[in-house]
Amino acid sequence: MKIAKVDLTKNLYKGISNPHSHLFLSTGVASLLPTIKSTMWMIKLLVLGLLFAVDAAVNKKAVENVAKEAPAEKKISEHASTIADRSANLAFNLYQTMAKDKNVENILLSPVVVASSLGLVNLAGKASTAAQAKAVLSVDKLSDDLVHAGLAELLNEVSNSTVRNVTWKIGNRLYGPSSISFSDDFVKNSKKHYNYEHSKINFRDKRSALKSINEWATQTTDGKLPEVTSDVAKTDGALIVNAMFFKPHWDEKFHHKMVDNRGFMVTRSFTVSVPMMHRTGLYNYYEDETHSLQILEMPLAHKLSSVVFIMPYHVEPMERVEKLLTREQVKTWLGKMQKRAVAVSLPKVNLEVSHDLQKHLGELGLTEAIDKTKADLSKISGKKDLYLASLFHATALEWDTDGNPFDADIYSREELKAPKLFYADHPYVFLIKDNKTDSILFIGRLVRPKGDKMRDEL
Numbered sequence: 001m002k003i004a005k006v007d008l009t010k011n012l013y014k015g016i017s018n019p020h021s022h023l024f025l026s027t028g029v030a031s032l033l034p035t036i037k038s039t040m041w042m043i044k045l046l047v048l049g050l051l052f053a054v055d056a057a058v059n060k061k062a063v064e065n066v067a068k069e070a071p072a073e074k075k076i077s078e079h080a081s082t083i084a085d086r087s088a089n090l091a092f093n094l095y096q097t098m099a100k101d102k103n104v105e106n107i108l109l110s111p112v113v114v115a116s117s118l119g120l121v122n123l124a125g126k127a128s129t130a131a132q133a134k135a136v137l138s139v140d141k142l143s144d145d146l147v148h149a150g151l152a153e154l155l156n157e158v159s160n161s162t163v164r165n166v167t168w169k170i171g172n173r174l175y176g177p178s179s180i181s182f183s184d185d186f187v188k189n190s191k192k193h194y195n196y197e198h199s200k201i202n203f204r205d206k207r208s209a210l211k212s213i214n215e216w217a218t219q220t221t222d223g224k225l226p227e228v229t230s231d232v233a234k235t236d237g238a239l240i241v242n243a244m245f246f247k248p249h250w251d252e253k254f255h256h257k258m259v260d261n262r263g264f265m266v267t268r269s270f271t272v273s274v275p276m277m278h279r280t281g282l283y284n285y286y287e288d289e290t291h292s293l294q295i296l297e298m299p300l301a302h303k304l305s306s307v308v309f310i311m312p313y314h315v316e317p318m319e320r321v322e323k324l325l326t327r328e329q330v331k332t333w334l335g336k337m338q339k340r341a342v343a344v345s346l347p348k349v350n351l352e353v354s355h356d357l358q359k360h361l362g363e364l365g366l367t368e369a370i371d372k373t374k375a376d377l378s379k380i381s382g383k384k385d386l387y388l389a390s391l392f393h394a395t396a397l398e399w400d401t402d403g404n405p406f407d408a409d410i411y412s413r414e415e416l417k418a419p420k421l422f423y424a425d426h427p428y429v430f431l432i433k434d435n436k437t438d439s440i441l442f443i444g445r446l447v448r449p450k451g452d453k454m455r456d457e458l
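Numbering-wise, the numbering used here puts 401 at position 401 of the sequence shown, and it's gapless, one number per residue.
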């Protein structure tokens with residue numbers, strides 16, 4: 001369309017500029033040539049104005065056409081949205097359960113992946129065993145088909161690395177005893193909805209079995225997750241293994257030269273050396289003076305998700321902070337945030353965390369699937385001879401300097417003067433929230449990063 005417009009306007013201008021053209025040799029027009037010549041400069045100005053007007057009109061029309069043709073952002077289905085909401089509730093419930101375990105230091109959970117594991121239990125189970133999996137996720141009113149379809153849709157949406165510019169590798173595998181024969185229907189449906197692999201394993205040779213599990217996890221995560229577990233307590237049941245590697249990319253990167261070694265206070269008497277990244281920018285920030293907390297939100301690339309940090313003013317046991325950690329309280333904090341200058345110092349983290357969630361999900365109501373005497377997971381093999389012995393949820397997380405380029409001119413702006421200081425040199429809670437689906441991609445706490453001991457006391 002634009003090419004045709006250019007040819008048309010060129011010819012129009014050419015015809016008016018040349019008084020000998022056929023356009024001006026028609027009857028009645030030729031006699032006016034002297035007058036036209038004397039006023040040609042006026043006509044040229046008018047034509048130039050016409051050209052600009054036509055060009056603007058065409059470009060506007062083209063933009064309107066592109067806008068009409070561009071597909072609107074696709075929303076997730078109603079049942080996927082419901083599951084996103086329920087998985088966010090699961091995030092806080094499961095976190096609170098795990099935080100009470102004195103043997104747990106760092107916590108790192110992906111609620112949407114845990115939800116898909118519950119979906120698999122529902123797919124594998126019958127009667128009350130299957131119903132409990134839906135109840136833990138609070139999707140009792142949805143049909144099984146909608147639960148499976150919704151979970152698949154949600155996980156595909158939030159883990160799309162290309163659209164979201166994050167690195168998120170997810171491997172899911174179900175291990176069964178060497179005597180099992182997996183049902184064809186179960187294998188087909190678990191691959192379709194949850195992208196599960198299936199494997200038989202012989203725990204009579206436990207060392208070889210553990211090596212096989214850990215090697216698969218390492219391969220799945222491109223070497224980022226070297227170990228899921230060093231032992232399996234119960235070897236007579238089924239094992240679910242989630243192996244993940246997650247690396248977010250910041251909306252505005254940290255400069256790679258703005259990294260140095262600092263102390264991270266695990267407790268008041270124990271400090272480790274960690275690489276610390278530094279940058280100043282405009283971020284959503286809120287200070288809860290009543291509870292002595294800082295809350296910071298940092299967007300990730302494409303701004304489809306963001307990391308929320310919840311940190312006490314000083315190093316302290318996390319129980320006080322974690323008692324406040326509910327979905328409603330987090331919404332309140334987020335609602336009070338204001339964009340302002342913040343000088344951020346964050347540990348450059350390489351974190352590998354593995355949890356066996358079997359016990360913790362049992363505390364939330366998944367009691368039958370984990371009980372050898374009550375479990376009915378007969379859809380796996382056609383026989384009622386399996387129970388869920390372990391559910392390993394393992395993740396390697398990297399927080400690095402990588403991200404989008406930033407505008408260097410920002411540092412001369414008035415808004416960056418007198419920034420708030422967010423200096424993360426002691427334990428904090430964090431969550432990665434998805435802005436499109438309103439789900440929580442990860443929730444966790446950093447209590448003990450990798451690092452050499454620096455000193456015994458302050």
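For each residue, glycine too, the CB sits at the ideal point set by N, CA and C.
Please determine, among the options, the residue with the shortest C-alpha to C-alpha distance to residue i.
i, options, result
"isoleucine 83", "Glu215, Leu361, Leu142 and Asp402", "Leu142"
"lysine 379", "Pro427, Arg448 and Val121", "Val121"
"lysine 453", "Val139, Ile180, Arg164 and Arg262", "Arg262"
"lysine 191", "Leu174, Ser181, Asp205 and Lys206", "Leu174"
"arginine 204", "Glu319, Lys339, Asn89 and Lys234", "Lys234"
"lysine 383", "Glu414, Lys436, Pro177 and Trp399", "Pro177"
"aspartate 371", "Glu197, Ser128 and Gln329", "Ser128"
"glutamate 297", "Glu316, Trp250 and Ala152", "Trp250"
"serine 345", "Thr401, Thr395 and Val136", "Thr401"
"leucine 282", "Asn160, Lys200, Tyr313 and Glu414", "Glu414"
"aspartate 231", "Asn156, Pro419 and Ser390", "Ser390"
"lysine 74", "Glu157, Ser110, Tyr95 and Leu151", "Glu157"
"threonine 326", "Lys206, Pro419 and Ala99", "Ala99"
"methionine 277", "Lys253, Asn195, Ala130 and Asp288", "Lys253"
"valine 459", "Tyr194, Val429 and Gln358", "The structure shown does not extend to residue 459, since the chain spans only 1 to 458, so no value can be given for it."
"lysine 102", "His360, Ser305, Gly451 and Asp385", "His360"
"aspartate 145", "Arg445, Asn160, Gly119 and Pro248", "Gly119"
"histidine 198", "Phe246, Gly444, Asp288 and Asp185", "Asp185"
"leucine 388", "Val113, Pro111, Tyr196 and Gly125", "Gly125"
"alanine 418", "Lys331, Thr280 and His426", "Thr280"
"phenylalanine 245", "Ser179, His79, Thr221 and Leu377", "Thr221"
Reducing DSSP to helix, strand and coil, say where residue i ends up.
i, result
"glycine 150", "helix"
"alanine 70", "With a pLDDT of 37 at alanine 70, under the threshold of 50, the predicted position of this residue should be treated as unreliable, and no value is reported."
"leucine 446", "strand"
"phenylalanine 186", "helix"
"glutamate 415", "helix"
"lysine 200", "strand"
"threonine 167", "strand"
"aspartate 425", "coil"
"histidine 256", "coil"
"asparagine 156", "helix"
"glutamate 287", "strand"
"phenylalanine 52", "Only weak support is given to the placement of phenylalanine 52: the predicted model assigns it a pLDDT of 32, under 50, and the value that follows is read from those uncertain coordinates. Reduced to three states, the DSSP call for phenylalanine 52 is helix."
"serine 390", "strand"
"threonine 367", "coil"
"aspartate 145", "helix"
"alanine 408", "helix"
Count the other CB atoms within 10 Å of the CB of residue i; is the residue buried (16 or more) or exposed (fewer)?
i, result
"histidine 355", "buried"
"asparagine 202", "exposed"
"proline 405", "exposed"
"methionine 258", "exposed"
"asparagine 214", "buried"
"glutamate 105", "exposed"
"isoleucine 224", "Here residue 224 turns out to be lysine, not isoleucine, going by the sequence shown. Burial call: buried."
"proline 317", "exposed"
"tyrosine 313", "exposed"
"arginine 268", "exposed"
"aspartate 434", "buried"
"histidine 256", "exposed"
"valine 342", "buried"
"isoleucine 443", "buried"
Hey, quick one: how far does the alpha helix (DSSP H) through residue i stretch, first residue to last?
i, result
"threonine 332", "327–335"
"histidine 79", "78–99"
"valine 321", "319–324"
"proline 248", "Counting along the chain, proline 248 falls outside any alpha helix (DSSP H), and DSSP gives it neither H nor E."
"leucine 123", "111–124"
"serine 208", "206–220"
"lysine 359", "358–363"
"alanine 233", "Element bounds for alanine 233: n/a, residue is neither H nor E."
"threonine 129", "127–136"
So residue i packs on residue j, CB below 8 Å; how close in whole Å?
i, j, result
"isoleucine 432", "alanine 91", "Contact doesn't hold; Cβ gap of about 10 Å is too wide."
"valine 274", "glycine 403", "19 Å between Cβ atoms; not a contact."
"valine 321", "leucine 293", "7 Å"
Taking residue i as part of the beta strand (DSSP E), name the residues at either end of that continuous run.
i, result
"valine 344", "338–347"
"valine 308", "305–312"
"isoleucine 295", "293–299"
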